[in-house]
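Q: Let me give you the structure first, and then I'll get to my questions.
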Ligand code: KG4
Ligand code: ZN
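Written out as structure tokens, the structure is:
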């Protein structure tokens with residue numbers, strides 16, 4: 001049987017990434033060029049700047065991924081790219097690059113969903129068993145996705161306001177840390193001796209939805225009240241209180257969703273899956289409940305093209321390629 005070797009491109013936000021993935025689970029190369037240093041000065045990702053940076057490094061990153069994987073264009077089965085969701089100008093750079101390669105090398109094109117990519121990052125580390133439940137926690141998304149079978153996604157819960165990563169970044173900013181603040185809050189939370197008490201937002205008793213904007217406002221209130229009294233806010237205590245609130249709600253709802261849908265596995269993915277507090281709490285809870293938990297290593301949690309290669313393989317298997325007139329779609333649905 002011929003191996004399926006996919007060149008995958010990811011440019012939906014602020015990482016330019018290209019990977020070569022064999023049979024959907026063997027990463028031959030995964031090059032990630034991050035723009036974080038550039039955006040830090042602005043306190044967040046500036047879309048126009050992101051597009052320009054993608055253009056600057058796109059061809060270099062493609063060359064590096066091809067040579068690190070030690071493959072030639074003839075070895076490739078298809079070219080895959082993140083079609084959406086994401087920043088439209090950023091997506092466009094990857095889509096144009098992928099179309100150009102598909103045309104020049106006469107290869108089929110696969111349009112991939114960014115969240116399908118995050119979910120299938122788990123395919124790189126374990127054999128998935130269906131039905132499974134995925135907790136997606138990134139800078140742009142917070143969702144519980146049920147998969148009855150491979151390639152079928154059913155969103156059973158989602159955030160009604162901020163994504164969890166977005167809440168982390170805003171709280172970090174209020175506590176005086178640079179973008180992206182998630183890792184700083186994670187570290188502080190672990191150093192704190194005591195947690196500042198903050199609310200848990202559960203919504204309706206049977207809901208799998210999330211809401212983090214109230215928690216974020218509660219943090220801002222605590223910080224402002226300290227400042228008004230001329231006191232230094234208890235930065236570590238606030239970080240710990242915030243992280244405990246977020247983790248408790250995420251873990252509880254994920255476990256409930258697993259039970260309600262008789263899922264065989266719980267998968268974790270997205271940038272916030274790199275959070276040590278969340279990984280530890282979810283691991284402990286799943287062990288106690290006898291739930292098989294899969295968590296990719298951090299490099300496959302934050303944005304990368306290897307996960308796009310994994311998702312593209314599944315799409316290729318079920319649907320094959322798509323016409324070259326496909327367009328980047330910032331609102332692409334799963
Ligand atoms: O998945 P990702 O790389 O990009 C999106 O598709 O959004 O996620 C980035 C997000 C940022 O909000 C960042 O602060 C957060 O993931 N993040 C973390 C940690 N590492 C990254 N949040 C909490 N704890 C961490 N250790
Ligand atoms: Zn992402």
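In the numbering used here, the protein residues as written are 1 to 334.
By construction, the Cβ of each residue, glycine as well, lies at the ideal position given by its N, Cα and C atoms.
In this text the structure is predicted, and so the values were computed from the model without any measurement.
Quick one, what's near the ligand ZN if you take every residue whose CB is closer than 5 Å to any heavy atom, in chain order?
A: 138 and 303
Q: Which residue comes first and which comes last in the alpha helix (DSSP H) that contains residue 225?
A: 213 to 228
Q: Can you name the start and end residues of the beta strand (DSSP E) that residue 133 belongs to?
A: Its beta strand (DSSP E) spans residues 132 to 137.
Q: Return the first residue and the last residue of the alpha helix (DSSP H) that residue 16 is part of.
A: Careful: residue 16 lies outside any alpha helix (DSSP H), inside the beta strand (DSSP E) at 15 to 22.
Q: Just tell me which of 4, 66 and 81 has its CA closest to the CA of residue 11.
A: 81
Q: Grab me the residues of residue 177's own chain with a C-beta within less than 6 Å of its C-beta, minus the 5 sequence neighbours each way, in chain order.
A: Closer than 6 Å at the Cβ level, and outside the excluded window around residue 177, lie 184.
Q: Less than 7 Å between C-beta atoms, sequence neighbours within five positions excluded: which residues of the same chain meet that for residue 328?
A: Same-chain partners within the cutoff: 83, 84, 88, 91, 92 and 95.
Q: Would you kindly report the start and end of the unbroken alpha helix (DSSP H) that includes residue 54?
A: 47 to 69
Q: Alpha carbon to alpha carbon, what distance is there between residue 271 and residue 298?
A: 8 Å
Q: Just reading off the alpha helix (DSSP H) that residue 141 is part of, what are its end residues?
A: Boundaries cannot be given for residue 141, as no alpha helix (DSSP H) includes it and DSSP labels it neither H nor E.
Q: How close, in whole Å, do the beta carbons of residue 233 and residue 246 come, if the pair is a contact with beta carbons under 8 Å?
A: The pair is not a contact, with the Cβ atoms about 18 Å apart (cut-off 8 Å).
Q: Ordered along the chain, which non-local residues of its own chain (more than five positions away) have a Cβ less than 7 Å from that of residue 141?
A: The answer, listed in chain order, is 115, 163 and 270.
Q: How would you call residue 122, buried or exposed, if buried means at least 16 neighbouring beta carbons within 10 angstroms?
A: By the neighbour-count definition (other C-beta atoms within 10 Å, threshold 16), residue 122 is a buried residue.
Q: Spatial neighbours of residue 111 within its chain, please: C-beta separation below 6 Å, excluding the five flanking residues on both sides.
A: 83, 322 and 326
Q: Could you tell me which residues DSSP pairs with residue 154 in its beta bridges?
A: 146
Q: State the beta-bridge partners of residue 265 as determined by DSSP.
A: Note: residue 265 is bridge-paired with 132 and 292 in the DSSP secondary-structure output.
Q: To which residues does DSSP link residue 5 through a beta bridge?
A: 22
Q: Using three-state DSSP, classify residue 332 as helix, strand or coil.
A: coil
Q: Could you tell me the alpha carbon to alpha carbon distance between residue 282 and residue 243, rounded to whole angstroms?
A: 13 Å
Q: Determine the direct distance from the alpha carbon of residue 32 to that of residue 126, and round the result to whole angstroms.
A: 22 Å
Q: Looking at residue 218: is its Cβ nearer than 8 Å to the Cβ of residue 231?
A: no
Q: Could you tell me if the beta carbon of residue 244 falls within a distance shorter than 7 Å of some heavy atom in the ligand KG4?
A: no
Q: Would you report the Cα separation of residue 169 and residue 182, rounded to the nearest angstrom?
A: As the crow flies, the alpha-carbon of residue 169 is around 6 Å from that of residue 182.
Q: Is any heavy atom of the ligand KG4 found at a distance shorter than 7 Å from the C-beta of residue 161?
A: no
Q: Can the beta-carbon of residue 264 be found closer than 8 Å to that of residue 208?
A: no
Q: Keeping to the same chain, check which residues put their C-beta closer than 7 Å to that of residue 213; ignore five residues upstream and five downstream.
A: 161 and 162
Q: Tell whether a beta-carbon distance below 8 Å holds between residue 189 and residue 152.
A: no
Q: Report whether the distance from the Cβ of residue 274 to the nearest heavy atom of the ligand KG4 is below 7 Å.
A: yes
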